[in-house]
Amino acid sequence: MQIASLTIDRIREGLLSREFSAVELTEEALRFAEAENPRTGAYLRLSPERAMDGARRVDERLARGEEPGPLAGVPVAVKDVILTKGIVTTCGSKLLAAYVPPYDATAIVRVEEAGGILLGKTNCDEFAMGSSTENSAFGPVRNPVATDRVPGGSSGGSAAAVAQGTAVVALGSDTGGSIRQPASFCGVVGVTPTYGRVSRYGLTAFASSLDHIGPFARNVKDAATLLRVIAGRDPRDSTSAAAPVPDYPASLGGGLKGLKLGLPREYLKDLGSEVGDLISRGMDVFRRLGCEVRELSLPSTGYAIPCYYIIATAEASSNLARFDGVRYTFRSENSGTLADMYRNTRGEGFGAECKRRIMLGTYVLSAGYYDAYYLKAQKVRTLIARDFARAFEDVDAIVAPVSPFPAFKLGEKVDDPLAMYLSDIYTITGSLAGIPCMSVPCGNTAGGLPVGMQLLTTHFGEPAMFRLAGAFEEAGGVN
Amino acid sequence: MKITEKEVRYVAGLANLTLDDSEVARFRADLDGILEHMDKLNEVDTSGVEPMTQVLFEGAGGLREDAIETPLGSEAGLANAPQRGPGYFKVPKVVER
Numbered sequence: 001m002q003i004a005s006l007t008i009d010r011i012r013e014g015l016l017s018r019e020f021s022a023v024e025l026t027e028e029a030l031r032f033a034e035a036e037n038p039r040t041g042a043y044l045r046l047s048p049e050r051a052m053d054g055a056r057r058v059d060e061r062l063a064r065g066e067e068p069g070p071l072a073g074v075p076v077a078v079k080d081v082i083l084t085k086g087i088v089t090t091c092g093s094k095l096l097a098a099y100v101p102p103y104d105a106t107a108i109v110r111v112e113e114a115g116g117i118l119l120g121k122t123n124c125d126e127f128a129m130g131s132s133t134e135n136s137a138f139g140p141v142r143n144p145v146a147t148d149r150v151p152g153g154s155s156g157g158s159a160a161a162v163a164q165g166t167a168v169v170a171l172g173s174d175t176g177g178s179i180r181q182p183a184s185f186c187g188v189v190g191v192t193p194t195y196g197r198v199s200r201y202g203l204t205a206f207a208s209s210l211d212h213i214g215p216f217a218r219n220v221k222d223a224a225t226l227l228r229v230i231a232g233r234d235p236r237d238s239t240s241a242a243a244p245v246p247d248y249p250a251s252l253g254g255g256l257k258g259l260k261l262g263l264p265r266e267y268l269k270d271l272g273s274e275v276g277d278l279i280s281r282g283m284d285v286f287r288r289l290g291c292e293v294r295e296l297s298l299p300s301t302g303y304a305i306p307c308y309y310i311i312a313t314a315e316a317s318s319n320l321a322r323f324d325g326v327r328y329t330f331r332s333e334n335s336g337t338l339a340d341m342y343r344n345t346r347g348e349g350f351g352a353e354c355k356r357r358i359m360l361g362t363y364v365l366s367a368g369y370y371d372a373y374y375l376k377a378q379k380v381r382t383l384i385a386r387d388f389a390r391a392f393e394d395v396d397a398i399v400a401p402v403s404p405f406p407a408f409k410l411g412e413k414v415d416d417p418l419a420m421y422l423s424d425i426y427t428i429t430g431s432l433a434g435i436p437c438m439s440v441p442c443g444n445t446a447g448g449l450p451v452g453m454q455l456l457t458t459h460f461g462e463p464a465m466f467r468l469a470g471a472f473e474e475a476g477g478v479n
Numbered sequence: 480m481k482i483t484e485k486e487v488r489y490v491a492g493l494a495n496l497t498l499d500d501s502e503v504a505r506f507r508a509d510l511d512g513i514l515e516h517m518d519k520l521n522e523v524d525t526s527g528v529e530p531m532t533q534v535l536f537e538g539a540g541g542l543r544e545d546a547i548e549t550p551l552g553s554e555a556g557l558a559n560a561p562q563r564g565p566g567y568f569k570v571p572k573v574v575e576r
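Residue numbers (my numbering), protein chains in the order written: chain X, 1 to 479; chain C, 480 to 576.
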């Protein structure tokens with residue numbers, strides 16, 4: 001059994017034919033993850049007891065001749081911003097180093113009901129704020145493709161675990177690109193579904209109007225299978241969509257003849273040559289597969305970064321107010337008065353990037369600035385969403401880069417927050433519009449670093465997105 | 480200059496965040512650059528444009544059935560408290576006797 005190259009289909013076949021049991025597979029997966037993890041630090045902790053309990057339940061179902069579930073025996077890694085009952089969940093923060101959630105996120109409940117095995121929790125930027133996973137209080141994650149480089153972020157640990165083969169699939173969260181960008185950097189598939197498609201109950205809130213949970217996988221079909229399991233209305237998240245969940249894996253395999261793809265002019269002009277070259281070769285692949293490719297314009301693109309960083313930080317400053325020393329494990333030693341407790345707990349507990357964003361968000365919401373920044377940004381957000389709505393009148397999907405560059409070296413960009421924010425340009429536009437987007441491996445740079453191609457479609461257009469990504473993958477990307 | 484150190488200290492107070500002097504200087508410089516970039520939004524004509532506050536779809540945002548469910552319970556809710564008493568969170572004294 002080659003753990004590192006397992007797929008959901010292969011696991012199902014092995015279990016149903018009694019080639020191996022879920023317990024045997026899980027023991028082997030835990031051993032492999034334990035041995036391989038020091039190379040990347042993708043996991044903050046494994047959850048062997050929970051994993052073995054899950055495996056035994058799958059084996060019992062199989063022994064009774066029951067359907068074991070679409071994720072039966074599949075080792076799943078989970079970003080440490082998603083709550084797991086009884087298993088420490090840190091959000092990459094010193095503030096929550098000892099926090100043990102009293103309940104499971106809905107996505108976790110659904111994964112386990114489907115037979116998925118909760119293998120462990122993965123490292124990430126503190127409260128999912130960052131693009132490199134260097135903002136974790138527990139140290140950075142290394143990219144398994146090149147360990148002197150970052151895995152991207154903020155879901156860097158989940159992307160690295162899947163790329164390294166220590167998990168078959170993983171859950172991440174995406175607010176402005178935190179699934180797609182690490183997927184691109186690590187050479188795996190990463191999906192940000194339609195806003196509201198997956199319940200956020202139990203996802204530690206960063207920016208509530210932008211937060212998503214979504215899957216990582218080594219192939220498009222596995223990502224589609226995991227999304228199908230976690231998607232759907234949840235009474236515990238009033239923003240979750242009631243639309244029925246399609247059979248995403250079944251949308252793979254259809255031809256692409258006649259599909260129309262758009263290439264936004266605004267995304268191409270600033271593109272570094274190597275990434276741009278790979279994306280344009282990717283477009284050629286789609287043309288060969290029968291798609292019609294046309295240029296189009298998303299005229300508000302240039303305003304997306306300021307729009308996003310105003311809205312996201314404003315919401316974050318409000319969401320992170322709860323970490324004040326009262327309820328969540330960490331309280332400053334210097335808590336003489338109530339005000340001291342609040343201020344010192346937060347001053348000592350939050351890392352630099354969280355503080356920077358709390359400051360920015362508090363500033364743009366403060367009296368006298370609210371209209372100029374926050375309200376203005378919400379209006380610009382309407383224009384960005386309209387750009388996409390207009391584009392999807394003419395095309396079925398938009399093809400774009402994920403990031404202007406491939407994985408960069410650890411430490412290379414930590415000192416320039418604005419430059420780091422600016423690199424999110426291709427992912428935040430889709431986040432602001434709330435449309436489904438994904439990164440699918442496109443090809444490698446001359447230096448051997450993976451580059452992802454981004455596909456964006458209209459709200460609830462995941463089936464078309466998976467069909468495109470699946471055909472692109474089957475064609476071998478640009479290689 | 481978009482923001483002064485005095486304003487940074489004021490905002491830190493609003494955010495209940497203790498910052499040391501080096502952080503104040505660093506955030507002043509960082510926020511200055513970021514806020515200057517954000518001024519780009521002033522180029523956009525948004526007259527008559529509704530603000531987008533949320534992405535919502537049919538069936539979302541509605542009210543659920545007002546049914547009684549088992550709550551988490553105070554034991555579980557208090558389990559992560561840095562300091563607790565029987566059935567409550569303990570905090571430094573707020574009111575002087």
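No residue lacks a Cβ here, since even glycine has one placed at the ideal position from N, Cα and C.
Checklist entry - Cβ of ASP509 (chain C) less than 7 Å from any chain A Cβ? => result Absent here is chain A; the protein component of the structure consists of chains X and C.
Checklist entry - What distance in whole Å lies between the Cβ atoms of GLY152 (chain X) and SER132 (chain X), which are believed to be in contact at a cut-off of 8 Å? => result The count along the first sequence starts at 1 and reaches residue 132 (chain X) at position 132. The count along the first sequence starts at 1 and reaches residue 152 (chain X) at position 152. Yes, they are in contact, since the Cβ atoms of SER132 (chain X) and GLY152 (chain X) sit about 7 Å apart, within 8 Å.
Checklist entry - Is PRO530 (chain C) close to chain X, meaning its C-beta is less than 7 Å from at least one C-beta of that chain? => result In the second sequence, counting from the first residue as 1, residue 530 (chain C) sits at position 51. Any Cβ of chain X closer than 7 Å to the Cβ of PRO530 (chain C) would place that residue at the interface, and such an atom is present.
Checklist entry - Do the region 3-18 of chain X and the region 53-71 of chain X make contact, defined as three or more Cβ pairs closer than 8 Å? => result Yes, the region 3-18 of chain X touches the region 53-71 of chain X.
Next on the checklist: For chain X, check one thing: does any of its Cβ atoms lie closer than 7 Å to the Cβ of GLY564 (chain C)?
Outcome noted: Taking the second sequence and counting its residues from 1, one reaches residue 564 (chain C) at position 85. Not one chain X Cβ lies under 7 Å of GLY564 (chain C).
Next on the checklist: Quick check on DSSP: helix, strand or coil for LEU338 (chain X)?
Outcome noted: As a working note, residue 338 (chain X) is residue 338 in the first sequence. Note: LEU338 (chain X) maps to helix in three-state DSSP.
Item to check | Beta carbon of PRO406 (chain X) nearer than 7 Å to that of LEU449 (chain X) | outcome: Locating residue 406 (chain X) in the first sequence gives position 406, counting from the first residue. Locating residue 449 (chain X) in the first sequence gives position 449, counting from the first residue. A contact, by the Cβ cut-off of 7 Å.
Checklist entry - Using the beta-carbon of each residue, which ones in chain C are nearer than 9 Å to THR337 (chain X)? => result Position 337 of the first sequence holds residue 337 (chain X). Near THR337 (chain X) (Cβ distances below 9 Å), the residues of chain C are PRO571, LYS572 and VAL573.
Item to check | First through last residue of the alpha helix (DSSP H) which encompasses LYS409 (chain X) | outcome: Residue numbering aside, residue 409 (chain X) sits at position 409 when the first sequence is read from its first letter. Boundaries cannot be given for LYS409 (chain X), as no alpha helix (DSSP H) includes it and DSSP labels it neither H nor E.
Next on the checklist: Helix, strand or coil for LEU261 (chain X)? Go by DSSP, reduced to three states.
Outcome noted: For the purposes of this step, residue 261 (chain X) is identified with residue 261 of the first sequence, where counting begins at 1. It is a strand residue.
Next on the checklist: Quick check on TYR370 (chain X): buried or exposed, where buried means 16 or more other Cβ atoms within 10 Å of its Cβ?
Outcome noted: Within the first sequence, residue 370 (chain X) is the residue found at index 370, counting from 1. It counts as exposed.
Checklist entry - Just by C-beta distance, which residues in the region 354-369 of chain X are closer than 7 Å to chain C? => result LYS355, ARG356, ILE358, MET359, LEU360, THR362, TYR363 and SER366
Item to check | 8 Å Cβ cut-off: residues of chain C touching TYR342 (chain X) | outcome: On the first sequence, residue 342 (chain X) is found 342 positions in, with the first residue counted as 1. Those within 8 Å of TYR342 (chain X) in chain C are ASN495.
Checklist entry - Which residues mark the beginning and the end of the alpha helix (DSSP H) in which MET283 (chain X) is found? => result As a working note, residue 283 (chain X) is residue 283 in the first sequence. Looking at the DSSP string, the run of the alpha helix (DSSP H) that includes MET283 (chain X) is 273-288.
Checklist entry - For THR483 (chain C), which residues of its own chain have a beta-carbon under 8 Å away from its beta-carbon, when the five flanking residues on both sides are left out? => result Taking the first residue of the second sequence as 1, we reach residue 483 (chain C) at position 4. So the list reads ARG507, once near-sequence residues are dropped.
Checklist entry - Does the pairing of the region 185-201 of chain X with the region 418-438 of chain X give three or more beta-carbon distances under 8 Å? => result yes
Checklist entry - Which whole-angstrom value describes the C-beta separation of VAL88 (chain X) and VAL100 (chain X), a residue pair presumed to lie in contact below a C-beta threshold of 8 Å? => result Here residue 88 (chain X) is taken as the residue at index 88 of the first sequence, counted from 1. Here residue 100 (chain X) is taken as the residue at index 100 of the first sequence, counted from 1. The C-beta separation of VAL88 (chain X) from VAL100 (chain X) comes to about 6 Å, placing the pair in contact by the 8 Å criterion.
Checklist entry - Would THR382 (chain X) count as contacting chain C if we go by Cβ distances under 7 Å? => result Numbered from 1 along the first sequence, position 382 holds the residue referred to as residue 382 (chain X). It does; some Cβ of chain C falls within 7 Å.
Checklist entry - When you compare only the Cα positions, how much space is there between ARG386 (chain X) and VAL220 (chain X)? => result Position 386 of the first sequence, counting from 1, holds the residue named residue 386 (chain X). Position 220 of the first sequence, counting from 1, holds the residue named residue 220 (chain X). Looking at the two C-alpha atoms, the distance is approximately 29 Å.
Item to check | Within 7 Å, strictly: CB atoms of THR494 (chain X) and ALA51 (chain X) | outcome: The displayed coordinates of chain X run from 1 to 479. Any statement about residue 494 (chain X) would go beyond what the structure contains.
Next on the checklist: Suppose you measure from the CA of LEU6 (chain X) to the CA of VAL440 (chain X); what does that come to, to the nearest Å?
Outcome noted: Walking along the first sequence from the start, residue 6 (chain X) turns up at place 6. Walking along the first sequence from the start, residue 440 (chain X) turns up at place 440. Their Cα atoms are separated by approximately 18 Å.
Item to check | Residue(s) in a DSSP beta bridge with SER209 (chain X) | outcome: By 1-based counting over the first sequence, the position of residue 209 (chain X) is 209. In DSSP, SER209 (chain X) forms no bridge with anything.
Item to check | Per DSSP, the bridge partner or partners of GLY214 (chain X) | outcome: Indexing the first sequence from 1 puts residue 214 (chain X) at position 214. X:GLY172, per the DSSP bridge assignment.
Item to check | First through last residue of the beta strand (DSSP E) which encompasses PRO75 (chain X) | outcome: For the purposes of this step, residue 75 (chain X) is taken as the residue at position 75 of the first sequence. PRO75 (chain X) -> beta strand (DSSP E) spans 75-79.
Checklist entry - Using the beta-carbon of each residue, which ones in chain X are nearer than 7 Å to PRO561 (chain C)? => result Along the second sequence, read from residue 1 onward, the residue named residue 561 (chain C) stands at position 82. By Cβ distance, chain X contributes GLY325, THR329, PHE330 and ARG331.
Checklist entry - In or out: GLY157 (chain X) buried (at least 16 other Cβ within 10 Å) or exposed? => result Locating residue 157 (chain X) in the first sequence gives position 157, counting from the first residue. When all chains shown are included, GLY157 (chain X) counts as buried.
Checklist entry - Residues of chain C with a CB under 7 Å from the CB of ILE310 (chain X): which are they? => result Counted from its first residue, the first sequence places residue 310 (chain X) at position 310. Result: MET517.
Checklist entry - Beta-carbon separation of LYS481 (chain C) and PRO306 (chain X) under 7 Å? => result To locate residue 481 (chain C), count along the second sequence from 1; it is residue 2. To locate residue 306 (chain X), count along the first sequence from 1; it is residue 306. For LYS481 (chain C) and PRO306 (chain X), no; Cβs fall outside 7 Å.
Item to check | Opening and closing residue of the alpha helix (DSSP H) in which VAL88 (chain X) lies | outcome: Along the first sequence, one-based indexing puts residue 88 (chain X) at 88. Unbroken run through VAL88 (chain X): none, as it is neither H nor E.
Checklist entry - Counting contacts by CB-CB distance shorter than 7 Å, is ALA347 (chain X) in contact with chain C? => result Translated into positions along the first sequence, residue 347 (chain X) becomes position 347. Correcting the residue identity first, residue 347 (chain X) is Gly in this sequence and not Ala. Chain C contact via Cβ: present.
Item to check | ASP277 (chain X) versus GLY430 (chain X): straight-line alpha-carbon distance, rounded | outcome: For this step, residue 277 (chain X) is matched to residue 277 along the first sequence. For this step, residue 430 (chain X) is matched to residue 430 along the first sequence. Cα atoms of ASP277 (chain X) and GLY430 (chain X): separation of roughly 22 Å, rounded to the nearest angstrom.
Checklist entry - Going along chain X, which residues have a C-beta under 7 Å from THR483 (chain C)? => result On the second sequence, residue 483 (chain C) is found 4 positions in, with the first residue counted as 1. None at all; the shortest Cβ gap to chain X is about 12 Å.
Item to check | Within chain X, the residues that ALA504 (chain C) reaches when beta carbons sit closer than 9 Å | outcome: Within the second sequence, the letter at position 25 stands for residue 504 (chain C). The premise fails here: ALA504 (chain C) is roughly 13 Å from chain X at the closest Cβ pair, so nothing lies under 9 Å.
Next on the checklist: Could you tell me the alpha carbon to alpha carbon distance between ALA205 (chain X) and ASP211 (chain X), rounded to whole angstroms?
Outcome noted: Locating residue 205 (chain X) in the first sequence gives position 205, where the first residue counts as 1. Locating residue 211 (chain X) in the first sequence gives position 211, where the first residue counts as 1. For ALA205 (chain X) and ASP211 (chain X), the gap between their C-alpha atoms comes out near 7 Å.
Next on the checklist: Counting only beta-carbon separations shorter than 7 Å, does ARG543 (chain C) have a partner in chain X?
Outcome noted: Indexing the second sequence from 1 puts residue 543 (chain C) at position 64. Yes, its Cβ sits closer than 7 Å to a Cβ of chain X.
Checklist entry - What distance in whole Å lies between the Cβ atoms of SER297 (chain X) and GLU266 (chain X), which are believed to be in contact at a cut-off of 8 Å? => result Counting from 1 along the first sequence, the entry for residue 266 (chain X) is found at position 266. Counting from 1 along the first sequence, the entry for residue 297 (chain X) is found at position 297. Between SER297 (chain X) and GLU266 (chain X) the Cβ distance is about 7 Å, and since that is below 8 Å, they are a contact.
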